[in-house]
Amino acid sequence: MYDLKGKCIVLGVSGGIAAYKAAALASALNKTGADVHVIMTENAARFISPLTFETLTSNRCVVDMFDRGYKYDVEHISLAKAADLIVIAPATANIIAKTAHGIADDMLTSVVLAAKCKKLVSPSMNTAMLENPVTIDNINTLRKYGFEIIPSAAGRLACGDIGSGKLPEPDVILEYIARELAREKTLSGLKVTVTAGPTQEAIDPVRFITNHSSGKMGYAIAKEAMLRGADVTLISGPVSIDPVPFTEIRRVVTAADMFSEVKRALPHTDILIMSAAVADFRPSSPSADKIKKSGSDSPFSVPLKHTDDILKWVSENRHEGLFVCGFSMETRDLEENSRSKLTSKKLDMIAANDLREEGAGFGVDTNILTVITKSSAEKLPLMSKEEAAAALTDRIEDIIFQRQRHTPQDVV
Ligand code: CTP
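The following block contains the structure:
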């Protein structure tokens, strides 16, 4: 759940059948703590009542610029000034056309024209209207003026046609809004590569060796970095978690696959966070066919060999300016064992956790991280994995920005 307290969001609702979905969006936005102001076109008010939005947002829903009970003359300017973000969802072909050409003949178009903040537009209409070159031109014009377009979803439309033009689900639109508002863009311009989840090492086509990693910690870190404006690549072992929005995901299965993806990403990476639980061993020669029980009770063994240590390789091939954070999971001597990995793998930081501590093990939604660098060790309290991701990212930023302040070109 995002915290957007202190942010003012104007939600513009124009007149399409999808207007009803805007109620769920307004409700979701209200839950983030944002100050949500809904402006509807007159046609939208035929599909859904302004009272619905007023109840959901606790703010007056403005419909008509010439509403007599309202200070319309100043209101569009004050809302335009107050808004941190304007979202038009659903945006009909008509509102897109008017906005693209600077027409301001109602409250919504007037606020949009007067506002300097970022604007998101979520087109929603019949496929033929969406694909009409006039609409395409208008959408491109909006892009040219800095509006961001949320791609329409495809599926069965209200008119019965099947195609593009559906309003995306409210949680999808919420991700676009959160990306704009949830964090300061402290990592903007930086490329962050995160590894997450377990790897699987085949014994035969049916069985494999793996571990209990859920990938939740790595996914939370990737999301935190994305929200802070980084360009994020997530190299993920097999997990059952929804992808992180606005993030390039590279799916892998084995430690060897993960190794090749890290090698591929490394030259373009500024910050590498290896939170994956990479398998340390793999069957030396996986069987091409399923290994049969063969009716025998005698013990049998699967010969194993070491996988490549990815971080060890990174330590020998790292480029100038790269920041590397490893993870360490231990069941004893947490700090001592993790510190020796920090040194042997030439890491800038290692985030360690003790499997035996309640709330820090596999598969739970919390973690207790000890953040270790050459000169420090800080034990963080029990936190959700999202909070732990934010705390870890804060500490990485502390070091990176301190470092940047001391680069030679900064010293005059
Ligand atoms: N790691 C890696 N390549 C491997 C194994 C681990 O890059 N083949 C990385 C992990 O992603 C993690 C760090 O190394 O960031 C430490 O992993 P961990 O399993 O805790 O330690 P190991 O180095 O494998 O040592 P041990 O298993 O003996 O604790």
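Basically the working numbering = 1-based index in the sequence shown + 100.
The beta-carbon is built from N, C-alpha and C at its ideal position, and this holds for glycine as well.
None of the values given here were measured: they were computed from a predicted structure.
Where does residue i fall in DSSP's three states?
| i | result |
| --- | --- |
| residue 154 | helix |
| residue 298 | strand |
| residue 248 | strand |
| residue 223 | strand |
| residue 510 | For residue 510, the predicted structure reports a pLDDT of 42, less than 50, and the residue's modelled location is therefore unreliable. A value from the coordinates is still provided. It is helical. |
| residue 333 | strand |
| residue 207 | helix |
| residue 513 | One cannot answer for residue 513 here, as it falls past the ends of the chain, which runs 101 to 512. |
| residue 269 | coil |
| residue 478 | strand |
| residue 101 | coil |
| residue 362 | helix |
| residue 472 | strand |
| residue 162 | strand |
| residue 234 | helix |
| residue 131 | helix |
| residue 438 | helix |
| residue 356 | helix |
| residue 243 | helix |
| residue 315 | coil |
| residue 118 | coil |
| residue 180 | helix |
| residue 458 | coil |
| residue 282 | coil |
| residue 339 | coil |
| residue 388 | coil |
| residue 409 | coil |
| residue 493 | helix |
| residue 277 | helix |
| residue 367 | helix |
| residue 198 | helix |
| residue 148 | coil |
| residue 393 | coil |
| residue 323 | helix |
| residue 420 | coil |
| residue 498 | helix |
| residue 447 | coil |
| residue 398 | coil |
When the cut-off is 8 Å and only beta carbons count, does residue i lie next to chain B?
| i | result |
| --- | --- |
| residue 470 | Absent here is chain B; the protein component of the structure consists of one chain. |
Who are residue i's beta bridge partners in DSSP?
| i | result |
| --- | --- |
| residue 112 | 139, 188 |
| residue 383 | 404 |
| residue 428 | 452 |
| residue 291 | 331 |
| residue 264 | 254 |
| residue 218 | 185 |
| residue 374 | 295, 426 |
| residue 467 | 483 |
| residue 308 | 302 |
List the whole-angstrom C-beta distance separating residue i from residue j, where the pair is believed to meet the contact cut-off of C-beta under 8 Å.
| i | j | result |
| --- | --- | --- |
| residue 337 | residue 317 | Not a contact, Cβ separation roughly 12 Å. |
| residue 119 | residue 148 | 5 Å |
| residue 478 | residue 470 | 7 Å |
| residue 540 | residue 362 | The displayed coordinates of the chain run from 101 to 512. Any statement about residue 540 would go beyond what the structure contains. |
| residue 450 | residue 426 | 5 Å |
| residue 234 | residue 179 | Actually they are not in contact, since the Cβ atoms of residue 234 and residue 179 sit about 29 Å apart, beyond 8 Å. |
| residue 221 | residue 188 | 5 Å |
| residue 330 | residue 287 | 4 Å |
| residue 215 | residue 186 | 6 Å |
| residue 107 | residue 270 | That pair is no contact at about 17 Å. |
| residue 423 | residue 405 | Not quite, the Cβ-Cβ distance comes to about 31 Å (not below 8 Å), so this is no contact. |
| residue 227 | residue 116 | The pair is not a contact, with the Cβ atoms about 13 Å apart (cut-off 8 Å). |
| residue 252 | residue 298 | That pair is no contact at about 36 Å. |
| residue 195 | residue 141 | 7 Å |
| residue 256 | residue 249 | So it is not a contact: roughly 22 Å between Cβ atoms. |
| residue 277 | residue 386 | In fact, because the Cβ distance is near 46 Å, the residues do not count as touching under 8 Å. |
Relative to the ligand ZN, is the shortest distance from any of its heavy atoms to the C-beta of residue i smaller than 7 Å?
| i | result |
| --- | --- |
| residue 214 | Absent from the structure shown: the ligand ZN. Ligands present: the ligand CTP. |
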